[in-house]
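Heads up, the thing below is written out as structure tokens.
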Amino acid sequence: MNTPRCGVPDSLSEIVDRSSLWPKDRILKWKLHIGKLPFDHNEIREAIRQAFDDWAGHGGLTFYEANESETPDFNVSFVIGDHGDGAPINEPTTVLAHAFYPWDFTFRGRIHFNSVKNWTKTYDGVGYNLRLTATHEIGHSLGVPHSDDSDSIMYPTYQVFQPDAVLPES
Numbered sequence: 006m007n008t009p010r011c012g013v014p015d016s017l018s019e020i021v022d023r024s025s026l027w028p029k030d031r032i033l034k035w036k037l038h039i040g041k042l043p044f045d046h047n048e049i050r051e052a053i054r055q056a057f058d059d060w061a062g063h064g065g066l067t068f069y070e071a072n073e074s075e076t077p078d079f080n081v082s083f084v085i086g087d088h089g090d091g092a093p094i095n096e097p098t099t100v101l102a103h104a105f106y107p108w109d110f111t112f113r114g115r116i117h118f119n120s121v122k123n124w125t126k127t128y129d130g131v132g133y134n135l136r137l138t139a140t141h142e143i144g145h146s147l148g149v150p151h152s153d154d155s156d157s158i159m160y161p162t163y164q165v166f167q168p169d170a171v172l173p174e175s
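Structure representation (structure tokens):
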């Protein structure tokens, strides 16, 4: 299969330990780690912020970008190869990104994007839209599994949606 997709295995999507999900009354912090970034740092931060806002508006959670002195709940980075989580992103691959469910206490909150893919800010089908992919991966970090509904942002393969893409019911 050569369709670009999420690196989270579908078979693991069925295992949901609700006791380890993020508390809904908590303010959660995220941080973009500087490394090899596909385009302007501020534009990437904005796309990631919008993706967290997509879930805030849907699931009743509050997110903000952590400052330098705060420990983030979510660590967002662009990686390639072995990056220390047991799930290397080696080219050539169809894997765009992966994240870890909240019950994986070792890697909880880590969201990794394939740094060599053509990430974009646009929704025109050229390259891979960062906001859409980030919204999908943040969903996993919140405990949302893949969906069989091809109209859902949580569908496992990449599709071009408009920014108001369908989020799963909370």
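In terms of this note's numbering, the sequence shown opens at residue 6 and continues consecutively.
From the three backbone atoms N, C-alpha and C, an ideal C-beta is built for every residue, glycine too.
How long is the line joining the alpha carbons of residue i and residue j, rounded to whole angstroms?
| i | j | result |
| --- | --- | --- |
| Asp-78 | Lys-34 | 5 Å |
| Thr-162 | Glu-73 | 34 Å |
| Ala-56 | Ile-143 | 8 Å |
| Asp-45 | Ala-52 | 11 Å |
| Asp-87 | Gly-40 | 15 Å |
| Ser-18 | Cys-11 | Note that Ser-18 scores 46 on pLDDT, short of 50, meaning its location in the model is unreliable and no value can be drawn from it. |
| Glu-75 | Thr-140 | 23 Å |
With a threshold of 6 Å on Cβ separation, who are the neighbours of residue i within its own chain once the five nearest residues in sequence on each side are excluded?
| i | result |
| --- | --- |
| Tyr-160 | Ser-152 |
| Pro-9 | Thr-99, Leu-101 and Tyr-163 |
| Thr-138 | Leu-101 and Ala-102 |
| Arg-50 | Leu-37 |
So what does residue i bridge to, in DSSP terms?
| i | result |
| --- | --- |
| Ala-104 | Ile-116 |
| Leu-37 | Val-81 |
| Thr-125 | Asn-134 |
Taking buried to mean at least 16 other C-beta atoms within 10 Å of its own C-beta, is residue i buried or exposed?
| i | result |
| --- | --- |
| Ser-155 | exposed |
Over what stretch of residues does the alpha helix (DSSP H) that includes residue i continue unbroken?
| i | result |
| --- | --- |
| Thr-140 | 135 to 146 |
Between which two residues does the beta strand (DSSP E) harbouring residue i extend?
| i | result |
| --- | --- |
| Thr-67 | 67 to 70 |
Report all residues from its chain with a CB closer than 8 Å to the CB of residue i; omit the five preceding and five following residues, and keep chain order.
| i | result |
| --- | --- |
| Asn-80 | Trp-35, Lys-36, His-38, Gly-114, Arg-115 and Ile-116 |
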